[in-house]
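Chemist:
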Amino acid sequence: MKPVKFQGADLYPALLDEAAQKEIVADIRAVTEAAPPQRFETRRGRRLSVAMTSAGRVGWISDRAGYRYAPTRPDGRPWPEIPDSVLAVWRRVVGEDRLPDSCLVNFYAEGARMGLHQDRDEGDFSWPVVSISLGDDALFRVGGVERPAPSRSVWLRSGDVVVLGGASRLAFHGIDRIRFGSSRLLEGGGRLNLTLRVVERA
Ligand code: MD6
Ligand code: FE
3 MKPVKFQGAD LYPALLDEAA QKEIVADIRA VTEAAPPQRF ETRRGRRLSV
53 AMTSAGRVGW ISDRAGYRYA PTRPDGRPWP EIPDSVLAVW RRVVGEDRLP
103 DSCLVNFYAE GARMGLHQDR DEGDFSWPVV SISLGDDALF RVGGVERPAP
153 SRSVWLRSGD VVVLGGASRL AFHGIDRIRF GSSRLLEGGG RLNLTLRVVE
203 RA
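When you line the sequence shown up against my numbering, it's residues 3 to 204, in that order.
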């Protein structure tokens, strides 16, 4: 499938059919049962509106010491493995040469949003970040590599996949808002976003 270019990113609308989406949701439910998502605190003591957990060799955490990738969960236990159904999406859009070692799981309840940020804590920016949207629609904003650069927004729907690679790898991006209740994929509504990353240097 050929992607659509959006602000330098590759957008694959409806890459995942309903069966593929349901399989991923079931596999991620096992991840979130083992490692429940939490609303992390920031260095400034604010709590993020998005609830997060991870799968893979390293996971993303935040606390009063700041944010970072960590080899264990805050309770000291390892992160669950990245499900094969999720790795299959990376294989489709990136290939087999290297697989991601971290999958950040973001859950957006009603009113949750994510401010404009760059993903720049990974060891090797030559690998893209692959983002999978499931559940409610989300307004995704992408700017440039410099924060003041003009930005544009696009509604991401369940089953859409975005690849931030190449010149867009370090682009600022965020989620302005979700349309709560717009999808029936997730029981109880909300949005699940998975981002696959290569964190450790080869
Ligand atoms: C989200 N996405 O869609 C947040 N990061 O909920 C991201 O932060 C993101 O979509 C890196 C690459 C692609 C993304
Ligand atoms: Fe991001």
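Every residue, glycine too, gets a C-beta built ideally from N, C-alpha and C. All values reported here derive from a predicted model rather than from experimental measurement.
#1: Does the Cβ of T197 have 16 or more other Cβ atoms within 10 Å, making it buried, or fewer, making it exposed?
#2: Going by Cα to Cα distance, which pick from Y110, P76, W62, V88 is closest to D139?
#3: In or out: T217 buried (at least 16 other Cβ within 10 Å) or exposed?
#4: Is E124 closer than 8 Å to V200 when the C-beta atoms are compared?
#5: Short check: CB of A53 to CB of W81, under 8 Å?
#6: Name the two residues that bound the continuous beta strand (DSSP E) containing K7.
#7: Tell me, please, which residues DSSP counts as bridged to P39.
#8: Which residues, in chain order, sit with a beta-carbon under 7 Å away from any heavy atom of the ligand FE?
#9: Using a Cβ-Cβ cut-off of 7 Å (strictly less than) and excluding sequence neighbours within five positions of G176, which residues of its own chain qualify?
#10: Whose C-beta lies closer than 6 Å to the C-beta of V156 among residues of the same chain, with five residues either side of it excluded?
#11: Measuring CB to CB, does G167 end up less than 8 Å from P130?
#12: Report the three-state DSSP secondary structure of R154 (helix, strand or coil).
#13: Quick one: what does DSSP say A173 is sitting in, helix, strand or coil?
#14: Please name the residue in L194, V165, G10 whose C-alpha comes closest to that of R94.
#15: Nearest CA to the CA of R70: which residue from E112, R186, R122?
#16: Any idea what DSSP makes of L101, helix, strand or coil?
#17: Hey, would you say S104 sits closer than 8 Å to I26, going by beta carbons?
#18: Kindly examine the ligand MD6 and report whether one of its heavy atoms sits closer than 7 Å to the Cβ of M116.
Modeler: This is what the structure holds:
#1: Taking the first residue of the sequence shown as position 1, residue 197 is located at position 195. T197 comes out buried.
#2: Locating residue 139 in the sequence shown gives position 137, where the first residue counts as 1. Residue Y110 is the option with its Cα nearest to D139.
#3: The structure shown does not extend to residue 217, since the chain is modelled only from 3 through 204, so no value can be given for it.
#4: Translated into positions along the sequence shown, residue 200 becomes position 198. Translated into positions along the sequence shown, residue 124 becomes position 122. Yes.
#5: By 1-based counting over the sequence shown, the position of residue 53 is 51. By 1-based counting over the sequence shown, the position of residue 81 is 79. Remark: C-beta atoms of A53 and W81 do not approach each other more closely than 8 Å.
#6: Within the sequence shown, the letter at position 5 stands for residue 7. Annotation for K7: the continuous beta strand (DSSP E) segment containing it runs 6 to 8.
#7: The residue given as residue 39 occupies position 37 in the sequence shown. Residue pairing by DSSP places P39 in no beta bridge whatsoever.
#8: Per the CB criterion, closer than 7 Å to any heavy atom of the ligand FE, the qualifying residues run in chain order as H119, D121, V131, H175, T197.
#9: Position 174 of the sequence shown holds residue 176. A distance below 7 Å between beta-carbons, with the five flanking residues on each side excluded, links G176 to the following residues of its chain, in chain order: M116, G117, L118, H119, R143.
#10: Counted from its first residue, the sequence shown places residue 156 at position 154. Closer than 6 Å at the Cβ level, and outside the excluded window around V156, lie F8, F142.
#11: To locate residue 167, count along the sequence shown from 1; it is residue 165. To locate residue 130, count along the sequence shown from 1; it is residue 128. Contact: yes.
#12: Indexing the sequence shown from 1 puts residue 154 at position 152. Three-state result, R154: strand.
#13: Taking the sequence shown and counting its residues from 1, one reaches residue 173 at position 171. Secondary structure at A173: coil, using DSSP grouped into helix, strand and coil.
#14: Looking up residue 94 in the sequence shown gives position 92. Of all alpha-carbon atoms in L194, V165, G10, the one lying nearest the alpha-carbon of R94 is that of V165.
#15: In the sequence shown, the residue the question calls residue 70 occupies position 68. Comparing Cα-Cα distances from R70 to each of E112, R186, R122, the minimum goes to R122.
#16: Walking along the sequence shown from the start, residue 101 turns up at place 99. L101 carries a coil assignment under DSSP once its states are collapsed to helix, strand and coil.
#17: For the purposes of this step, residue 104 is taken as the residue at position 102 of the sequence shown. For the purposes of this step, residue 26 is taken as the residue at position 24 of the sequence shown. With respect to the 8 Å criterion, S104 and I26 are not classified as neighbours on the basis of their beta carbons.
#18: Here the question's residue 116 lines up with position 114 in the sequence shown. Yes; taking the cut-off as 7 Å, the Cβ of M116 has a heavy atom of the ligand MD6 nearer than that.
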